[in-house]
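Colleague: Sequences listed follow chains A and B, in order. According to our numbering, the residues represented by the first sequence are 91 to 186, in order. According to our numbering, the residues represented by the second sequence are 91 to 186, in order. Backbone N, C-alpha and C define an ideal beta-carbon position, used for all residues, glycine too. Sharing a structure here in structure tokens format.
2 protein chains.
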Amino acid sequence: MMVLITYDVNTTTVAGEKRLRKIAKLCRDYGQRVQHSVFECLADPHQIALLKNKLIDVMDKDKDSLRFYYLGSNWKPKIEHIGAKEGYDPEGVIIT
Amino acid sequence: MMVLITYDVNTTTVAGEKRLRKIAKLCRDYGQRVQHSVFECLADPHQIALLKNKLIDVMDKDKDSLRFYYLGSNWKPKIEHIGAKEGYDPEGVIIT
């Protein structure tokens, strides 16, 4: 299934910058970055649960926010891209 | 229907900063900001088409990107929020 993950991390402190780097790395491990703080993860529910738990461990729940959008298996017609950097196929290799 | 809009605007120039402000204002006019560059718009297809055209007019297609995620009418179970700033009801008033 396709899950979109978006995040806001409070980077006003060094600790916040570290959390941002860790969260971005975790999302990269499981998905593709499509915008600065937006990742698309094509994975099974077990993998998504694993990723979610890892993200929750890293984030500061009082300062950062994560949103998960569950787009299901018929996700292709639900996504439209306009403009720069349309450069990857979530089912294939990175083509940027 | 619910449409999620995410954007990356290249703000390395004054013109880019202007585009960012205009794009954020347009998205605010039609939806709710849920993260820094993430808006959720609960609107009919006509309104979404209007917004899309306005955004395309403002953006620089070579430098900026917009993504639309069409979550349909049964969007509530598709969205999960974790952490800070869960503060609005897209069907109601702003509660932050």
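Would you give the residue range spanned by the alpha helix (DSSP H) that His-171 (chain B) belongs to?
Modeller: In the second sequence, the residue the question calls residue 171 (chain B) occupies position 81. Run containing His-171 (chain B): none in the alpha helix (DSSP H); it sits in the beta strand (DSSP E), 169-173.
Colleague: Can you list, in chain order, the residues of its chain with a C-beta nearer than 8 Å to that of Lys-153 (chain B)? Leave out the 5 residues immediately preceding and following it.
Modeller: As a working mapping, residue 153 (chain B) is identified with position 63 in the second sequence. Closer than 8 Å at Cβ, skipping near neighbours: Val-99, Asn-100, Gly-106.
Colleague: Given this structure, state the Cα-to-Cα distance separating Lys-168 (chain B) from Asp-150 (chain B), to the nearest angstrom.
Modeller: Locating residue 168 (chain B) in the second sequence gives position 78, counting from the first residue. Locating residue 150 (chain B) in the second sequence gives position 60, counting from the first residue. Distance between the alpha carbons of Lys-168 (chain B) and Asp-150 (chain B) is about 31 Å.
Colleague: Using the Cα positions of Gln-122 (chain A) and Cys-131 (chain A), report the straight-line distance between them to the nearest angstrom.
Modeller: Stepping through the first sequence from its first residue, residue 122 (chain A) is reached at position 32. Stepping through the first sequence from its first residue, residue 131 (chain A) is reached at position 41. Cα to Cα, Gln-122 (chain A) sits roughly 6 Å from Cys-131 (chain A).
Colleague: Please list, in chain order, the residues of the region 104-126 of chain B that have any C-beta partner in chain A closer than 8 Å.
Modeller: Answer in chain order: Val-124, Gln-125, His-126.
Colleague: At a CB-CB cut-off below 9 Å, which residues of chain B make contact with His-171 (chain A)?
Modeller: As a first step, residue 171 (chain A) is located in the first sequence; it is residue number 81 there, counting from the start. Ordered by position in chain B, the residues that pass the 9 Å Cβ test against His-171 (chain A) are Ser-155, Leu-156, Arg-157, Phe-158.
Colleague: If distances are taken between C-alpha atoms only, which option among B:Met-91, B:Val-93, B:Tyr-97, B:Met-92 comes closest to Ile-146 (chain B)?
Modeller: For this step, residue 146 (chain B) is matched to residue 56 along the second sequence. Cα-wise, what sits closest to Ile-146 (chain B) is B:Tyr-97.
Colleague: Using a Cβ cut-off of 9 Å, which residues of the region 137-155 of chain A contact any Cβ in chain B, in chain order?
Modeller: Here the close residues are Lys-142, Leu-145, Ile-146, Met-149, Asp-150, Lys-151, Asp-152, Lys-153, Asp-154, Ser-155.
Colleague: Pull up the distance between the alpha-carbon of Ile-113 (chain A) and that of Ser-163 (chain A), whole angstroms please.
Modeller: Walking along the first sequence from the start, residue 113 (chain A) turns up at place 23. Walking along the first sequence from the start, residue 163 (chain A) turns up at place 73. Those two C-alpha atoms are separated by around 25 Å.
Colleague: Per DSSP, Leu-132 (chain A) is paired with what?
Modeller: In the first sequence, the residue the question calls residue 132 (chain A) occupies position 42. According to DSSP, Leu-132 (chain A) bridges with A:Met-92.
Colleague: Taking 8 Å as the threshold (C-beta atoms), are Leu-141 (chain A) and Tyr-160 (chain A) in contact?
Modeller: Sequence index remark: in the first sequence, residue 160 (chain A) carries index 70 (1-based). Sequence index remark: in the first sequence, residue 141 (chain A) carries index 51 (1-based). Not a contact, by the Cβ cut-off of 8 Å.
Colleague: If we ignore side chains and look at the alpha-carbon of each, how far apart do Ser-155 (chain B) and Ile-172 (chain A) end up?
Modeller: For the purposes of this step, residue 155 (chain B) is taken as residue 65 along the second sequence, with counting starting at 1. For the purposes of this step, residue 172 (chain A) is taken as residue 82 along the first sequence, with counting starting at 1. The straight-line gap from Cα to Cα measures roughly 6 Å.
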